[in-house]
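Residue numbers (the numbering used here): 7 to 155.
Structure first, then comments.
This is how it looks when you write it as structure tokens:
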């Protein structure tokens, strides 16, 4: 998993406590208010039942690369790197003039999904993560407990 540098660690803390984020939770960084239109992290999940009936879930979490934030006119964007490595990342953009988000997800150099929508935070991130995991995407697999009948 990617390690945050000291500056990033400070940015990801509030009230002296480490924040654990769940999408859709916005960044809350007082001295960088332009980043507050962006998420703390983005989580993609999927699950399957193996041939032997064992349920397995997979999850990939994407974390902001603060150094990639760019703003040109009314358009801004930031890159999010997969915490499990590989060539997996998101590009999330916001158009302040039109109040519109846009995102692309890349796995091994290929764009595997694109999402855009109005300034409805919840709906945008639901649509972004709805595609789940892509083939070749780095993720963490976990065996799920058996269902209680």
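Here a beta-carbon is modelled for each residue, glycine too, at the ideal position from N, C-alpha and C.
Host alpha helix (DSSP H) of residue i (start-end)
i	result
residue 139	No alpha helix (DSSP H) contains residue 139, which DSSP labels as neither H nor E.
residue 128	127 to 135
Same chain only: Cβ atoms within 6 Å of residue i, ignoring 5 sequence neighbours per side
i	result
residue 150	61, 63
residue 92	144
residue 141	none
Buried versus exposed, by CB contacts within 10 Å (16 or more), residue i
i	result
residue 39	exposed
residue 111	buried
residue 139	buried
residue 120	exposed
residue 148	exposed
residue 104	exposed
residue 117	exposed
residue 88	buried
residue 55	exposed
residue 154	Any answer about residue 154 is weak, because its pLDDT of 40 lies below 50 and its placement is not dependable; what the coordinates show is given next. The residue in question, residue 154, is exposed, as its Cβ has fewer than 16 Cβ neighbours within 10 Å.
residue 36	exposed
Cut-off 7 Å between Cβ atoms - residues of its own chain near residue i, not counting five sequence neighbours on either side
i	result
residue 135	29, 48, 49, 50
residue 80	101, 102, 103
Extent of the continuous beta strand (DSSP E) run through residue i
i	result
residue 101	94 to 101
residue 124	116 to 124
residue 145	From DSSP, residue 145 is part of no beta strand (DSSP E); its letter is neither H nor E.
residue 109	106 to 113
Supposed contact pair residue j and residue i - C-beta distance, whole angstroms, cut 8 Å
i	j	result
residue 96	residue 86	4 Å
Spatial neighbours of residue i in its chain, beta-carbon cut-off 8 Å, leaving aside the 5 residues before and after
i	result
residue 82	40, 43, 75, 76, 99, 100, 102
residue 146	64, 65, 66, 90
residue 133	121, 123
Per DSSP, cross-strand counterpart(s) of residue i
i	result
residue 82	77, 100
residue 53	63
residue 70	86
residue 43	Partner(s): none; residue 43 has no beta bridge.
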